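Enquirer: FYI, the numbering for the sequence shown is 0 to 676, going by numbering that gives the first Met the number 0.
The C-beta atom is built at its ideal place from N, Cα and C for all residues, glycine as well.
Note that the coordinates shown come from a computational prediction; the quantities given were computed from them, not determined experimentally.
Below is one structure. I have some questions about it.
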Amino acid sequence: MPNRLAESTSPYLQQHAHQEVDWYPWGPEAFAAARERDLPLLVSTGYAACHWCHVMAHESFDDHETAEFMNQHFVSVKVDREERPDVDAVLMNATQALTGQGGWPMTVFLTPQGQPFFAGTYFAPLPAPGRPSFMQVLTALADAWRERRGEVTESAGSIASQLADLNPVQTSDQVPTARETLELLGKNYDMIHGGFGSAPKFPPAMVLDALLVKGDPTSLDMAQLTCEMMARGGLFDRVGGGFHRYSTDVGWVVPHFEKMLYDNALLLGSYVRCWRRTADHDGYKREVYEHVIYSTVEWLEREMRTEQGAFAASLDADSVDIRGMVAEGIYYVWNPELLVDALGEADGAWARQVFHVHDQGTFEHGLSTLQLHGSPDQARLTAVLERLRTERDNRFPPSRDDKVVAAWNGLLVDSLVAAAMTFAEPAWLELARGAAQAVWEIHVDQAADRFVRTSRDGVAGTTPAVAEDHGCLALGLARLAGATGEALWLERAQWLLARAEARFGAEDGGFWDAEASDELFQRPRDISDNATPSGTSSLVAALRLVGLLACEPALVERADRAARTTWPLVASQPRFAGWSLADALVADEARRGLRPAQVVVVQDEPGISRLATAAWRMAPAGSAIVVAPAGTQGFGHLFEDRTQREDRPTAYVCRGEVCFEPTTDYTELKTPLWSRC
């Protein structure tokens, strides 16, 4: 008989809906049950594409004896971290404070008042030296709750008080200097493989965006090498498109094989920006980036688009092999024999060399990920990859977490628009419009002042949207408004920003990550950019773009106030403040005379004109571009007295208070866009 999770819109929660554990979703009902039964809460947090979450579920939560013990001694709560980032953030703070580390699956034990007293990540079913089994942990904590209640509650109260008093945000009037922050960033740079730090190595999309702001040789080299090495390594799915979550080694060879929408949304935008910054004479490098862009969009449309037009959250790392056994990464890897079977002797031998597939393997059991070595013939490479994809389609694919997350779709809309306009691909613009429309219609009810974070199969969830949902979706909608000239998207972005200010605005000028909650002992606030932009950095980006498109200086000033709360982090740890660093570097460029541009392309005919594409390709970081017919309303004064010249699309460029002579020639755009004034 299914438990309470069966009604959830979260696929992760539904994976646990038929277990004997009497799971509750996070919320008042679980806490009321804990108080009524006088039992602690066991809160287990994970997500659908998490390999070790599946392992612990099978080993422990599917076990009859373990489930019975949990039901007798705890009120058990299951949390999807992607659905409830506010809960995940607060409990992760507690886990890291209590254990010195964090990760998923995460298990935190709370008093009925919501105060943590014990935490950990993965617990095995059997003990090991220095590591108790999950049942040993449960037994010890149940005994402590029954026999030493006073010690437990006193400790929990102290832990909660100390965590709640921590203020991770400090406002500064000291603007981070570009030279010092970039030098600090460079200290962690891997000059051989690109990227930052050691294994495990995560794709640094937001840091890449910062490095691409200025375009100086050092920053550009770091960004280009990182983009090239990630694209050539096993982190990138060469056959099907899209990036895996992270690399288990420093050289991007063997990934952890889950694919997340947020990674691919961010990296798509980063690769478009890197392509724009790469000179024509670096031809093969540009081809590598272009392959990433095109194949990633194709993968998104083919495998991640939902029936409603939005995009699903992730693909699992695990899938079933030919023996019916679940194995991580088995869908993606090859050996020499498999290549020959798929391609024949000649192309199989060629592929073995190009993709560095050898008998020893780079992964497990003699299997290898596909890397790209050298500069092979593009036509032959494309044909071989198409045949490998046809062959791979016969394998059992990984499962898909098909819930829709508002923030991640907002990020993807932003990147799809940039890709569509940069490469003159109107079909990509329609993908962006479809995703924006789906999220807006399903997640937002303006009349009821309702905006939810997730949905599934067109049914809205119940979790309120957090700050990053407001910021990322507003950014995507504003970017779409600029590309289409449809002011309705800009109006919707303005509504989201006004709502975010009312719900998340902080006294210091920054933003909270979520609204205050009766169940959480701490209101979450983290200004660092981790896997996704923080609520603060996403709102800063959206405020700036909307302010320029709507001609609303107050929104830009609001972004300035919020940005000050990020400056100490940018100055001390720029690697973990990518978008905030990018924002600071744009401001630094503006002080040096290169202010972001407002670009109005007046074109009366539909489609993506050559002039519009040139504007998207050349505009400095932080610019706002809008393409629409003369007389378009809803973009402030941007279209006042602006018409086509000589019956041709015409670009009007202003930077601050300086406006330049309009032009119909795309080759003349560089001067108004890049001259310092």
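Could you compute how far the alpha carbon of residue 97 sits from the alpha carbon of residue 290?
Expert: 45 Å
Enquirer: Tell me which residues share the same chain as residue 126 and place their Cβ nearer than 7 Å to its Cβ, disregarding the 5 neighbours each side in the sequence.
Expert: 132 and 135
Enquirer: For residue 461, is the classification buried or exposed, using 16 other Cβ atoms within 10 angstroms of its Cβ as the cut-off for buried?
Expert: exposed
Enquirer: Excluding the 5 residues flanking residue 576 on each side, which residues of the same chain have their C-beta closer than 7 Å to its C-beta?
Expert: Excluding residues within five positions, the ones whose Cβ falls inside 7 Å are 527, 528, 565, 568 and 569.
Enquirer: Taking residue 85 as part of the alpha helix (DSSP H), name the residues at either end of that continuous run.
Expert: 84 to 98
Enquirer: Consult DSSP for residue 41 and reduce its assignment to one of helix, strand or coil.
Expert: DSSP places residue 41 in strand when its eight states are reduced to three.
Enquirer: Starting from the Cα of residue 495, find the closest Cα among 522, 467, 282 and 551 and give me that residue.
Expert: 467
Enquirer: Whole angstroms is fine: what's the gap from residue 327's alpha carbon to residue 317's?
Expert: 4 Å
Enquirer: Quick one, are the C-beta atoms of residue 331 and residue 238 less than 9 Å apart?
Expert: Yes.
Enquirer: What does the alpha-carbon distance come out to for the pair residue 56 and residue 47?
Expert: 11 Å
Enquirer: When DSSP labels each residue in this structure, what does residue 211 get in the three-state scheme?
Expert: Residue 211 sits in a helix when the DSSP states are folded into three classes.
Enquirer: By Cβ distance, which residues of its chain are closer than 6 Å to residue 443, with the 5 residues on each side in sequence left out?
Expert: The answer, listed in chain order, is 450.
Enquirer: Please name the residue in 307, 298, 308 and 323 whose C-alpha comes closest to that of residue 314.
Expert: 298
Enquirer: Thinking residue 502 and residue 514 are a contact (beta carbons under 8 Å), I'd like their distance in whole angstroms, please.
Expert: 5 Å
Enquirer: To the nearest angstrom, how far is it from the Cα of residue 599 to the Cα of residue 406?
Expert: 27 Å
Enquirer: Are the Cβ atoms of residue 593 and residue 177 separated by less than 9 Å?
Expert: 9 Å or more divides the Cβ of residue 593 from the Cβ of residue 177.
Enquirer: Taking the alpha carbon of residue 249 as the reference point, which residue from 174, 259, 195 and 218 has its own alpha carbon closest?
Expert: 195
Enquirer: Within 10 angstroms of the Cβ of residue 202, are there 16 or more other Cβ atoms? Answer buried if so, exposed if not.
Expert: buried
Enquirer: To the nearest whole angstrom, what separates the beta carbons of residue 85 and residue 519, a pair I think is in contact under 8 Å?
Expert: Rounded to whole angstroms, the Cβ separation of residue 85 and residue 519 is 7 Å, and the two are in contact under 8 Å.
Enquirer: Along the chain, which unbroken stretches of the alpha helix (DSSP H) at least 4 residues long are found entirely within the stretch 404 to 429?
Expert: 405 to 422
Enquirer: Answer yes if the stretch 180 to 188 comes into contact with the stretch 145 to 152, meaning at least three C-beta pairs across the two stretches below 8 Å, and no otherwise.
Expert: no
Enquirer: At which residue ranges does the stretch 256 to 342 contain complete beta strand (DSSP E) runs of 3 or more residues, listed in the order of the chain?
Expert: Look at the stretch 256 to 342 and you find these whole runs of beta strand (DSSP E), each 3 residues long or longer: 317 to 319 and 325 to 327.
Enquirer: Is it buried or exposed, residue 579, if we count other Cβ atoms within 10 angstroms and call 16 or more buried?
Expert: buried
Enquirer: Starting from the C-beta of residue 311, find all residues in its chain whose C-beta is less than 8 Å away, skip the five residues before and the five after it, and write them out in chain order.
Expert: 260, 303, 304, 305, 399, 400, 401, 402 and 403
Enquirer: Alpha carbon to alpha carbon, how far is residue 140 from residue 487? Give it in angstroms, no decimals.
Expert: In a straight line, the C-alpha of residue 487 is about 55 Å away from that of residue 140.
Enquirer: For the beta strand (DSSP E) containing residue 519, list its first residue and its last residue.
Expert: Looking at the DSSP string, residue 519 is not in any beta strand (DSSP E), and its letter there is neither H nor E.
Enquirer: Return the CA-CA distance between residue 64 and residue 19, expressed in angstroms with no decimal places.
Expert: 10 Å
Enquirer: What does a CB cutoff of less than 6 Å around residue 666 pick up in its chain, not counting 5 residues either side in sequence?
Expert: none
Enquirer: Could you tell me the distance, in whole angstroms, from the CA atom of residue 365 to the CA atom of residue 243?
Expert: 20 Å
Enquirer: Could you tell me which residues DSSP pairs with residue 444 in its beta bridges?
Expert: 449
Enquirer: Suppose contacts are defined by Cβ-Cβ distances below 9 Å. Is residue 652 in contact with residue 596 by that definition?
Expert: yes
Enquirer: How would you call residue 393, buried or exposed, if buried means at least 16 neighbouring beta carbons within 10 angstroms?
Expert: exposed
Enquirer: Reducing DSSP to helix, strand and coil, say where residue 505 ends up.
Expert: Residue 505 falls in the coil class under three-state DSSP.
Enquirer: Mind checking residue 357: buried by the 16 CB within 10 Å criterion, or exposed?
Expert: exposed
Enquirer: Name, in chain order, the residues that DSSP records as bridge partners for residue 119.
Expert: As computed with DSSP, residue 119 is found in a beta bridge with 106.
Enquirer: Do you know offhand how far residue 171's Cα is from residue 93's?
Expert: 27 Å
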